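Numbering-wise (this note's numbering), the sequence shown opens with residue 92 and increments by one.
The next block holds one structure in the form of structure tokens; read it before the comments.
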Amino acid sequence: MTSQRTRGRLVQRLKEQGITDQQVLDVMGNTPRHIFIDEALSHRAYEDTALPIGFNQTISQPYIVARMTEILLAGGPLEKVLEVGTGSGYQTTVLAQLVDKVFSVERIKPLQEKARQRFSLLKIRNVSLRHCDGGMGWADRGPFDGIMVTAAPEDVPSELLAQLAVGGRLVIPVGGTHNQQLKLVVRVTETEYQTTVLEGVRFVPLLSGTIR
Numbered sequence: 092m093t094s095q096r097t098r099g100r101l102v103q104r105l106k107e108q109g110i111t112d113q114q115v116l117d118v119m120g121n122t123p124r125h126i127f128i129d130e131a132l133s134h135r136a137y138e139d140t141a142l143p144i145g146f147n148q149t150i151s152q153p154y155i156v157a158r159m160t161e162i163l164l165a166g167g168p169l170e171k172v173l174e175v176g177t178g179s180g181y182q183t184t185v186l187a188q189l190v191d192k193v194f195s196v197e198r199i200k201p202l203q204e205k206a207r208q209r210f211s212l213l214k215i216r217n218v219s220l221r222h223c224d225g226g227m228g229w230a231d232r233g234p235f236d237g238i239m240v241t242a243a244p245e246d247v248p249s250e251l252l253a254q255l256a257v258g259g260r261l262v263i264p265v266g267g268t269h270n271q272q273l274k275l276v277v278r279v280t281e282t283e284y285q286t287t288v289l290e291g292v293r294f295v296p297l298l299s300g301t302i303r
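Here is the structure:
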């Protein structure tokens, strides 16, 4: 279940689905996804599917994690990345192995605490965590070279656009429950943003407020 062969099959599926960044593929193959989900579901850890993690949240399917990571990195190396929605910590862990520093915000405190324990277990030390309303980002740590959002708002939050560095890339699912699109927003100048629609996706909604 957790063998390298099992993970190898996952990587092969990702290649067949169009993931080409070798660094991303290597990290996906080396990251133990089974530790990010409840033991009762761990036998499904390397299936290409989203799985529940409590509080009506999910761990994203591996293809989406790889795809969003690949898109974020396509503009070149990144130093500071903001992740909106720590969740299980799986996407955070993938990012942390590919960029210099990850700043990750989560509105649900128990999920954040579980993720923190997993980072400690995996000896991941380049992640900073904050418990707050995710749509507001983390302004005093910006601007960010990359921003990844792992829940879908109805529209791209202006607060996140403001925290993107010039030349920075924002990868975000946008839309209501039944019609979401994955978008890439690049900040071209101080005042100009370029948006590309990539593909249809399905994420939990980005909600305001916090849970302790």
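Every residue, glycine too, gets a C-beta built ideally from N, C-alpha and C.
Here the structure is a predicted model, which is why all the values come from computation and not from measurement.
Is it buried or exposed for Tyr284, if we count other Cβ within 10 angstroms and need 16 for buried?
Flag for Tyr284 reads exposed.
Going by alpha carbons, who is nearest to Asp117 out of Thr149, Ile126, Leu169 and Leu186?
Out of Thr149, Ile126, Leu169 and Leu186, Leu186 has the C-alpha closest to the C-alpha of Asp117.
What do you reckon, are the CB atoms on His222 and Thr301 nearer than 8 angstroms?
Yes. Within cutoff.
Does the beta-carbon of Val288 have 16 or more other beta-carbons within 10 angstroms, so that it is buried, or is it exposed?
When all chains shown are included, Val288 counts as exposed.
How about Leu251 and Gly267: are their beta carbons less than 8 angstroms apart?
No, the pair does not count as a contact, with Cβ atoms beyond the cut-off.
Rounded to whole angstroms, what is the Cα-Cα separation between Ala206 and Val257?
Approximately 30 angstroms, taken between the alpha carbons.
Nearest to Arg158 by CA position, among Leu275, Ile199 and Leu298, is which residue?
The residue with the shortest Cα to Cα distance from Arg158 is Leu275.
From Asp246, Gln152, Asp112 and Met239, pick the residue whose C-alpha is nearest to that of Leu173; which is it?
The option with the nearest alpha carbon to Leu173 is Met239.
Ends of the alpha helix (DSSP H) at Asn121?
Gln113 to Asn121 is the span of the alpha helix (DSSP H), which, as asked, contains Asn121.
Could you tell me the alpha carbon to alpha carbon distance between Pro264 and Asn270, rounded to whole angstroms?
Rounded to the nearest angstrom, the two C-alpha atoms are 10 angstroms apart.
In whole angstroms, what is the alpha-carbon distance linking Gln95 and Ser249?
Their Cα atoms are separated by approximately 42 angstroms.
Between Arg232, Leu105 and Val196, which lies nearest to Leu297 when the distance is taken from Cα to Cα?
It is Val196 whose Cα lies nearest to the Cα of Leu297.
Leaving aside the five residues before and after Ile144 along the sequence, list all residues of the same chain whose C-beta is less than 6 angstroms from its C-beta, in chain order.
For Ile144, where only same-chain residues beyond five positions count, the Cβ hits under 6 angstroms are Ile150 and Ser179.
Out of Thr122, Lys214 and Asp191, point me to the one whose CA is closest to Gln182's CA.
Answer by Cα proximity: Thr122.
Phe235 bridges to which residues according to DSSP?
Leu255, per the DSSP bridge assignment.
Return helix, strand or coil for Gly304, following the three-state DSSP convention.
Absent from the model: residue 304. The displayed extent of the chain is 92 to 303, so no value can be given.
For Thr286, does the count of other Cβ atoms within 10 angstroms reach 16, so buried, or fall short, so exposed?
So Thr286 counts as exposed.
State buried or exposed for Leu212, treating a residue as buried only when at least 16 other CB atoms are found within 10 Å of its CB.
Under this definition Leu212 is an exposed residue.
Which term fits Glu170, buried or exposed, when burial requires 16 or more other beta carbons within 10 angstroms of its beta carbon?
Burial call: exposed.
Distance, Cα to Cα, Arg100 vs Gly167?
Going by the C-alpha atoms only, they are around 28 angstroms apart.
To the nearest angstrom, how far is the alpha carbon of Ile199 from that of Gly176?
Rounded to the nearest angstrom, the two C-alpha atoms are 9 angstroms apart.
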